[in-house]
Amino acid sequence: MTSPRRRAAPADAAARRALAWTHGARFLTTASRLDELPAGELPEIAFVGRSNAGKSSAINALAQQRQLAFASRTPGRTQHINLFALGPRDAADALLVDLPGYGYAAVERGAKLRWQAVMADYLQHRRALAGVVLLVDIRHGPTELDERLLALIAPRVRAGQVRLLVLLTKADKLGRRQAQEALANAQAALAPLAGESADIGLALFSAPSRQGLDDVAVHLHGWVHEAAVS
Ligand SMILES: Nc1nc2c(ncn2[C@@H]2O[C@H](COP(=O)(O)OP(=O)(O)OP(=O)(O)O)[C@@H](O)[C@H]2O)c(=O)[nH]1
Ligand SMILES: [Mg+2]
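With the first letter of the sequence shown counted as 1, position 46 gets the number 52 in the numbering used here; the numbers rise by one all the way through.
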């Protein structure tokens, strides 16, 4: 077929390839402590953010599966680290890591502190960590807890060890103009943390409308398959 309509633009081809890759996500394992995580060397992409920000929903949207990562109206639903494998079935090439959300007031203080320590340890020291997707509810913007998390990983981002993509989730809850304003505000809030050389992406995202989904898939695919994406 040579009709121009059928010939995919390069960006579409990249999105299709990236989505085909994320659609292959499958559950691998659950961990409640870092020493239960797989010992392998596969690059990990961690989804972090406040409880209820939409981490599990984003993973489900990327995987095109409704219930792969459990999504819930009940904040604090994801209480363990859930891992999903990507890539060929017999040769996984990356892991998606769904981390428990932070900032949920009803979690008992001891448990909260324990999780904060686990998360900080993971984000600062996990060698396999290749990228972080920080999800922020667009109606709230980055909160103090988000900024603390960013400060934890900023040195690794600046050093080029870890990539960072910030998603303003639930973009469907705002009108176009308000969403653009939120984007500009988030950009301004992130700029000082980023540093000049940091590779930080920022995008609007909506799980139900799939806004930003192609972009996210292309980002993640690029992190893992840089040479192929250019
Ligand atoms: N309108 C809208 N609702 C969303 C979106 N993403 C998530 N939600 C809803 O927000 C709620 C929380 O979503 P989850 O994906 O469970 O959030 P989470 O960040 O995994 O939450 P924890 O596991 O508690 O940390 C659910 O009711 C979702 O349906 C979105 O893009 N748009
Ligand atoms: Mg969750």
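Idealized CB from N, CA, C, for every residue including glycine.
Residue burial classification, residue i (beta-carbon count within 10 angstroms, cutoff 16)
i, result
"G55", "buried"
"H227", "buried"
"R169", "buried"
"L74", "buried"
"L129", "buried"
"F33", "exposed"
"E187", "exposed"
"T28", "buried"
"K61", "buried"
"S38", "exposed"
"D104", "buried"
Three-state class that DSSP yields for residue i in the structure shown
i, result
"I65", "helix"
"A134", "coil"
"H227", "helix"
"Y108", "strand"
Counterpart residues of residue i in DSSP-defined beta bridges
i, result
"T36", "N88"
"V139", "F53, L171"
"G207", "L171"
"A157", "Its beta-bridge partners do not exist; DSSP assigns none."
"L102", "I51, F90"
Closer than 6 Å: residue i CB and nearest ligand 3 heavy atom
i, result
"P94", "Only ligand 1 and ligand 2 can be found as ligands here, which leaves ligand 3 out of the picture."
Min CB distance residue i to chain B below 7 Å
i, result
"N88", "Judged by its chain identifiers, the structure shown contains no chain B, having just a single protein chain."
### Query
Is it a yes or a no for the stretch 173-185 touching the stretch 208-224, going by three-plus beta-carbon pairs under 8 Å?
yes
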